[in-house]
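**Q** First residue of the sequence shown? That's 1 in UniProt numbering, and the numbers climb one at a time after it.
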Amino acid sequence: MVITLSSFPIQISPFFPENPKTFILEQCKTIKDLKQVHAHLIKTRLLHRPAVAEPLLESAALLLPVPTLDYALSIFSNLENPDPSAYAIMIRGFTKLQSPEKSILLFRQMIEHSVRPDEFTFPGVIKACSKLKALKEGEQVHAHVVKLMDTFGSREFVENSLVHMYACCGYIDLARKVFDGMSERSDVTWSSMLSGYVRCGHWEAVVGLFKEKLKLGIRFNESTLISVLMACGRLGDLELGEWIYNYVIENGLIRNGSLMTSLVDMYAKCGRVDTAFDVFDKMSKKDVVAWSAMISGYSRSNKPKEALALFQEMQNSKVEPNEVTMVSVLSSCAVLGALQTGEWVHSYIKKKKLKLTINLGTSLVDFYAKCGCVERAIEVFSEMPSKNIWTWTALIQGLASNGRGQTSLSFYNSMLREKIEPNDVTFIGVLSACSHAGLVDEGRSHFISMKRDFGIEPRIEHYGCMVDMLGRVGLIEEAYGFIKNMPIKPNVVIWRTLLASCKVHKNVEIGEEALKHVVRLEPAHSGDYILLSNLYASIGRLEDATKLRNEMKILGIKKNPGFSYIELDGIVHEFLAEDNVHPQSLEIYKALERMMEKIKMAGYEPDKVQARLEADEDDKEGSISHHSEKLAIAFGLIRSTPGDTIRISKNLRICMDCHNAMKIVSKVYGREIVIRDRNRFHHFKDGLCSCGDFW
């Protein structure tokens with residue numbers, strides 16, 4: 001007879017070849033081919049021979065370019081007495097094609113029908129348990145393995161699957177027990193155990209197992225090195241990381257892109273971002289993972305400008321970003337307040353119709369909040385198909401820092417109604433919301449609620465929020481008493497927070513006490529002395545202020561420079577107080593002079609207390625007018641379109657004089673001005689600030 005397979009006529013005798021598997025697997029390239037051969041096998045009753053039926057089953061379930069499990073299942077269901085091999089094929093097929101629960105059910109059916117599993121049956125069903133993280137079922141399968149292990153031709157493949165399964169289920173100790181009990185361990189076995197430790201985040205165990213492997217003189221592959229480099233990065237183990245780097249160079253492995261990318265990531269996580277870039281720069285081919293690792297390294301190392309510059313280079317190289325890239329870029333944009341670049345990322349996500357995952361969505365919420373775009377942050381939050389505690393926390397903290405305390409607390413209450421339990425970081429946002437909004441009673445209530453309702457022991461950061469909240473409203477004595485009665489030792493941040501409040505509310509006595517504790521706990525910091533010096537100056541004790549500044553000089557303490565960022569046309573510009581390095585400095589200073597004249601006419605009076613103490617009386621007003629945020633605002637006024645919002649990011653707390661000036665600038669120029677300082681956001685509009693002059 002002649003059966004046409006695809007377009008080729010093939011002569012098939014009534015007797016199938018001696019090796020039917022080869023014939024079936026070679027000839028059945030499509031479902032049409034398979035059905036034609038299947039029809040012939042039914043007609044000739046050859047289908048009841050396992051040597052013939054199983055290749056047909058394997059072709060349908062596993063080997064066709066588009067496997068069809070429904071068709072495979074129809075073949076399997078019509079077998080009179082399917083043997084272990086037939087079951088093994090179907091179990092592998094279900095596991096491979098994302099139906100692991102059906103694999104487990106089929107294995108159960110196999111046991112109920114008294115069909116004895118072999119070493120080829122178990123890996124598929126164990127892998128199904130791994131995918132489902134079905135520990136109970138996995139342990140039951142393991143029990144069958146133990147009973148039948150002596151009958152196996154080879155144990156290793158089954159035992160490797162068990163190691164992987166226990167690791168996937170989070171029971172790494174059980175995985176190690178199986179590993180230790182193995183009589184022979186191949187490179188695959190070691191890799192399975194190492195990847196299990198990586199999956200569970202047991203980084204020290206990864207390093208320990210690798211060193212054990214080295215002592216035994218067992219060779220390792222490049223996949224193992226990648227796992228160990230991940231551990232080195234998490235542990236900051238630069239010594240082992242560099243040993244691997246030297247091994248890579250000596251053994252000519254630099255062409256392995258994944259390995260080189262892991263080295264980039266390791267160096268960046270160990271704080272050696274410049275070395276990371278050297279490795280990255282030497283890579284002959286850079287895929288999206290390599291670019292993302294380097295951009296992420298810059299972002300984590302607090303080098304946001306470098307991260308964005310490299311992202312621009314990546315775009316010029318025509319490499320499309322992935323989710324990891326975009327999360328890192330958004331993080332850098334958030335630090336710099338680079339709204340335009342971050343908006344481009346958001347547009348890209350929409351254009352490519354990328355899924356708004358929890359990580360990506362949370363990064364967008366955080367980015368918009370840190371750029372002062374509260375409504376956009378809420379909009380993204382609302383669009384996210386799923387959210388976790390970190391998403392809610394990002395919004396709660398973002399609203400708090402933007403002066404939207406009541407709204408922040410409203411979202412916190414919504415979160416509780418959604419049955420999502422807060423964590424310790426969430427409460428930092430909640431307490432900050434109470435602090436920035438002056439909601440003292442609510443703050444006290446939430447502080448008590450932490451431990452009472454959620455079993456969260458307050459950390460030093462929570463105590464800091466309480467000190468800040470009390471200090472902001474002028475309850476300096478209560479804040480001081482709160483510190484004295486803390487069950488944990490107050491750190492330098494607590495005392496520094498109190499010192500800042502003393503400066504605002506002119507409490508010299510407690511301010512002096514706070515500075516003593518700050519200096520005792522930490523090497524001298526310019527900002528601490530300046531706070532007390534400004535406090536002295538604000539109440540007319542100029543001699544004490546000057547004496548404190550002179551003490552700073554004697555001790556060699558230099559004032560940290562204040563700088564401000566502004567992004568225009570996708571470029572981030574940086575300004576230092578009284579600098580003139582910007583290419584448009586002459587134009588900027590002229591615009592600044594005009595701006596100062598206009599706001600004076602509208603009622604602005606320079607607060608000379610904020611000037612440098614060493615400045616002459618005639619120079620004090622000029623010193624104040626040349627603060628970095630005023631230079632940035634002047635630049636924004638001449639480079640942006642009238643009516644556009646001007647956004648500034650500042651590394652220090654905005655001073656009282658600049659705060660007063662910005663309110664009037666917003667009114668005179670009809671602009672909304674958003675300034676993010678070290679502590680919070682200030683939204684200036686129509687002569688008012690969102691903080692209500694309370695910061």
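Cβ atoms here follow ideal geometry from the backbone N, Cα and C, with glycine treated the same way. All figures in this text were calculated on a predicted structure; none of them were measured in a lab.
So A369 packs on L395, CB below 8 Å; how close in whole Å?
**A** Numbered from 1 along the sequence shown, position 369 holds the residue referred to as residue 369. Numbered from 1 along the sequence shown, position 395 holds the residue referred to as residue 395. Going by Cβ atoms, the distance from A369 to L395 rounds to 7 Å, so yes, they are a contact pair.
**Q** CB of L475 to nearest heavy atom of the ligand NAD: below 7 Å?
**A** By its list of ligands, the structure shown contains no ligand whatsoever, and the ligand NAD lies outside what it can speak to.
**Q** Which class does L336 belong to by DSSP, given the choice of helix, strand or coil?
**A** By 1-based counting over the sequence shown, the position of residue 336 is 336. The answer is helix: DSSP assigns L336 an H, G or I state.
**Q** Return the residue from the list N485, P487, P523 that minimises the CA-CA distance to R496.
**A** Reading the sequence shown from its first residue, position 496 is the one you call residue 496. Answer by Cα proximity: P523.
**Q** If we count Cβ pairs, one from each stretch, closer than 8 Å, do we get three or more for the segment 621 to 636 versus the segment 678 to 691?
**A** Output reads no: the segment 678 to 691 does not touch the segment 621 to 636.
**Q** With a CB to CB cut of under 8 Å and the five nearest residues on each side skipped, what residues in its chain are close to L431?
**A** To locate residue 431, count along the sequence shown from 1; it is residue 431. These residues qualify, in order along the chain: G443, H446, F447, H462, C465, M466, M469.
**Q** By Cβ distance, which residues of its chain are closer than 6 Å to P100, with the 5 residues on each side in sequence left out?
**A** If you number the sequence shown from 1, residue 100 lands on position 100. Taken in chain order, the residues that qualify are A128, K131, L132.
**Q** Please state the DSSP three-state secondary structure of F684.
**A** The residue you call residue 684 lines up with position 684 of the sequence shown. Looking at F684 - three-state DSSP - the assignment turns out to be strand.
**Q** When the distance is taken between beta carbons, is F563 closer than 8 Å to S628?
**A** In the sequence shown, the residue the question calls residue 628 occupies position 628. In the sequence shown, the residue the question calls residue 563 occupies position 563. Yes.
**Q** Tell me which same chain residues have a C-beta within less than 7 Å of the C-beta of V492, skipping the five on either side of it?
**A** Here residue 492 refers to the residue found at position 492 when the sequence shown is read from its first residue. Taken in chain order, the residues that qualify are V518, L521, E522.
**Q** Excluding sequence positions up to five away, which residues of its chain have a Cβ less than 6 Å from the Cβ of S192?
**A** Numbered from 1 along the sequence shown, position 192 holds the residue referred to as residue 192. Counting only Cβ-Cβ distances below 6 Å, and skipping sequence neighbours, we find N160, V163, H164.
**Q** DSSP three-state label for V572, please.
**A** Here residue 572 is taken as the residue at index 572 of the sequence shown, counted from 1. In this structure, V572 counts as strand in the three-state DSSP scheme.
**Q** Excluding the 5 residues preceding and the 5 following C333 in the sequence, name in chain order all residues of the same chain whose CB lies nearer than 8 Å to its CB.
**A** As a first step, residue 333 must be located in the sequence shown, where it is residue number 333. Closer than 8 Å at the Cβ level, and outside the excluded window around C333, lie P304, L308, L339, T341, G342, V345, F367, C371.
**Q** Output the boundary residues of the beta strand (DSSP E) element that contains V674.
**A** Mapped onto the sequence shown, residue 674 falls at position 674. That run of the beta strand (DSSP E) goes 673 to 676.
**Q** What is the rounded straight-line gap between the Cα of residue 714 and the Cα of R108?
**A** The structure shown does not extend to residue 714, since the chain is modelled only from 1 to 695, so the question has no answer here.
**Q** Can you check DSSP and say which residues form a bridge with Y565?
**A** Counting from one through the sequence shown, the residue named residue 565 turns up at place 565. Looking at the DSSP assignment, Y565 forms a beta bridge with E574, S649.
**Q** Curious, which full-length alpha helix (DSSP H) runs of at least 4 residues does the segment 449 to 527 contain?
**A** Whole alpha helix (DSSP H) segments, 4+ residues: 460 to 472, 476 to 484, 492 to 505, 508 to 521.
**Q** Identify, in the order they occur along the chain, each residue of the same chain with its Cβ nearer than 6 Å to the Cβ of E320, setting aside the five sequence neighbours on each side.
**A** Here the question's residue 320 lines up with position 320 in the sequence shown. Result list for E320: empty, nothing under 6 Å.
**Q** Would you call P490 buried or exposed, if buried means 16 or more other Cβ atoms sit within 10 Å of its Cβ?
**A** Counted from its first residue, the sequence shown places residue 490 at position 490. With 16 or more Cβ atoms within 10 Å of its Cβ, P490 is classed as buried.
**Q** Determine, using beta carbons only, whether V374 and G398 come nearer to each other than 8 Å.
**A** By one-based count along the sequence shown, residue 374 stands at place 374. By one-based count along the sequence shown, residue 398 stands at place 398. Contact: yes.
**Q** Using only CA atoms, which one of H202, Y247, L515 lies nearest to D528?
**A** Here residue 528 is taken as the residue at index 528 of the sequence shown, counted from 1. D528 has its Cα closest to that of L515, out of H202, Y247, L515.
**Q** Note down the Cα distance separating K387 from V288, rounded to an integer number of angstroms.
**A** The residue you call residue 387 lines up with position 387 of the sequence shown. The residue you call residue 288 lines up with position 288 of the sequence shown. Approximately 26 Å between the Cα atoms of the pair.
**Q** Can you find the residues in the same chain that come closer than 7 Å, C-beta to C-beta, to V279, ignoring five residues on each side of it along the sequence?
**A** On the sequence shown, position 279 is the one that residue 279 refers to. M260, L263, V264, Y267, listed in sequence order.
**Q** Taking the alpha-carbon positions, what's the N679 to V365 distance?
**A** Locating residue 679 in the sequence shown gives position 679, counting from the first residue. Locating residue 365 in the sequence shown gives position 365, counting from the first residue. Using only the alpha carbons, I get a separation of about 19 Å.
**Q** Select from D150, D180, I126 the residue whose C-alpha is nearest the C-alpha of Q140.
**A** Working through the sequence shown from its first residue, we reach residue 140 at position 140. Ranking D150, D180, I126 by Cα distance to Q140 puts I126 first.
**Q** Can you name, in chain order, every residue of its own chain whose Cβ lies under 8 Å from the Cβ of S258, other than the five neighbours on each side?
**A** Locating residue 258 in the sequence shown gives position 258, counting from the first residue. The answer, listed in chain order, is E222, I226, V289.
**Q** Quick one: Cα of T68 to Cα of L47, how far?
**A** For the purposes of this step, residue 68 is taken as residue 68 along the sequence shown, with counting starting at 1. For the purposes of this step, residue 47 is taken as residue 47 along the sequence shown, with counting starting at 1. Going from the Cα of T68 to the Cα of L47 covers about 18 Å.
**Q** Report all residues from its chain with a CB closer than 6 Å to the CB of M326; omit the five preceding and five following residues, and keep chain order.
**A** As a first step, residue 326 must be located in the sequence shown, where it is residue number 326. Taken in chain order, the residues that qualify are V345.
**Q** List in chain order: all unbroken alpha helix (DSSP H) runs of 4+ residues lying wholly within the segment 172 to 250.
**A** Runs found: 172 to 180, 187 to 200, 203 to 215, 222 to 235, 238 to 250.
**Q** Alpha carbon to alpha carbon, how far is E250 from V207?
**A** Indexing the sequence shown from 1 puts residue 250 at position 250. Indexing the sequence shown from 1 puts residue 207 at position 207. Whole-angstrom Cα-Cα distance: 21 Å.
**Q** Which residue from K351, G405, L409, S414 puts its Cα closest to that of S382?
**A** Counting from 1 along the sequence shown, the entry for residue 382 is found at position 382. Answer by Cα proximity: S414.
**Q** Under the rule that 16 or more other beta-carbon atoms within 10 Å means buried, what is A88, buried or exposed?
**A** Counted from its first residue, the sequence shown places residue 88 at position 88. So A88 ends up on the buried side.
**Q** Compute the Euclidean distance between the alpha carbons of K419 and A167, then round it to the nearest angstrom.
**A** Taking the sequence shown and counting its residues from 1, one reaches residue 419 at position 419. Taking the sequence shown and counting its residues from 1, one reaches residue 167 at position 167. Going from the Cα of K419 to the Cα of A167 covers about 30 Å.
**Q** Cα-Cα, which of F411, R404, R376 is closest to I389?
**A** By 1-based counting over the sequence shown, the position of residue 389 is 389. The shortest C-alpha separation from I389 is found at F411.
**Q** Could you say which of M149, G403, G455 lies nearest to F427 if we only look at CA atoms?
**A** Translated into positions along the sequence shown, residue 427 becomes position 427. Here the closest residue by C-alpha is G455.
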